[in-house]
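Engineer: Okay, so the sequence shown: first residue is 1397 according to the numbering used here, each after it adds one.
Every residue, glycine too, gets a C-beta built ideally from N, C-alpha and C.
The structure displayed is predicted, hence computed values, not measured ones.
Take a look at the following structure, please.
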Amino acid sequence: MYRSQPFGFDTSMLAGILSTARRNNPRQGITGALICRHDLYLQLIEGPESAIDALYARILEDDRHANVELLLSEDMGERMFPNWAMLDDEAPSLFWSAQDVEAGALEAADPEELRAPFARLSSANPGD
Ligand SMILES: Cc1cc2nc3c(=O)[nH]c(=O)nc-3n(C[C@H](O)[C@H](O)[C@H](O)COP(=O)(O)O)c2cc1C
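Shown next, in the form of structure tokens:
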């Protein structure tokens, strides 16, 4: 799980990112969810470690966002988004206001708090 700041956020940029993600991720065994808001991307990526490392390296280089920061990296017993190449959510399920984020709420959050919005998204979107 990482966070970043969108650079020039708009719906066509988001659509481009999601279409690439949905094309590439199934081939790599990757699933996950991207929470997006004008001030924030928060992405959970799950799958084989080597595939995640390769994707994260590309994401770090992507100039459609800035200040990419790893928040959590852990072994997961079970996927939260087994049926989603990359679910997107425009942050209604997010806890933190833009002000909270600015004030460092994500860096201060513990792993359980970081997982919580994704857990809610996952139960709201079981997929096929
Ligand atoms: C916030 C954000 C999330 C992204 N998520 C993914 C993703 O889940 N899968 C993916 O393949 N690319 C993702 N990308 C795009 C990658 O940075 C990169 O542009 C892409 O993987 C290159 O793929 P291509 O060589 O097939 O064009 C994301 C980019 C951003 C800015």
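Using the rule of at least 16 other Cβ atoms within 10 Å of the residue's Cβ for burial, across every protein chain shown, is SER1518 buried or exposed?
Structural biologist: In the sequence shown, the residue the question calls residue 1518 occupies position 122. The residue in question, SER1518, is buried, as its Cβ has 16 or more Cβ neighbours within 10 Å.
Engineer: Mapping DSSP to helix, strand and coil, what is ILE1455?
Structural biologist: As a first step, residue 1455 must be located in the sequence shown, where it is residue number 59. Helix at ILE1455.
Engineer: For LEU1440 and ALA1429, which I take to be in contact (beta-carbon distance under 8 Å), what is that distance rounded to the nearest angstrom?
Structural biologist: Taking the first residue of the sequence shown as 1, we reach residue 1440 at position 44. Taking the first residue of the sequence shown as 1, we reach residue 1429 at position 33. Right, their Cβ atoms sit about 5 Å apart.
Engineer: Would you say the beta carbon of GLY1425 is closer than 8 Å to some non-hydrogen atom of ligand 1?
Structural biologist: Position 29 of the sequence shown, counted from the start, is the residue given in the question as residue 1425. Every heavy atom of ligand 1 is 8 Å or more from the Cβ of GLY1425, so no.
Engineer: At what residues does the alpha helix (DSSP H) containing ASP1496 begin and finish?
Structural biologist: Position 100 of the sequence shown, counted from the start, is the residue given in the question as residue 1496. Run containing ASP1496: 1494-1498, per the alpha helix (DSSP H) assignment.
Engineer: Can you give the Cα-Cα distance for ASN1463 and LEU1414, rounded to whole angstroms?
Structural biologist: Mapped onto the sequence shown, residue 1463 falls at position 67. Mapped onto the sequence shown, residue 1414 falls at position 18. Cα to Cα, ASN1463 sits roughly 20 Å from LEU1414.
Engineer: Could you have a look at ARG1423 and say whether DSSP puts it in helix, strand or coil?
Structural biologist: Residue mapping note: residue 1423 aligns to position 27 of the sequence shown, counting from 1. Helix, per DSSP.
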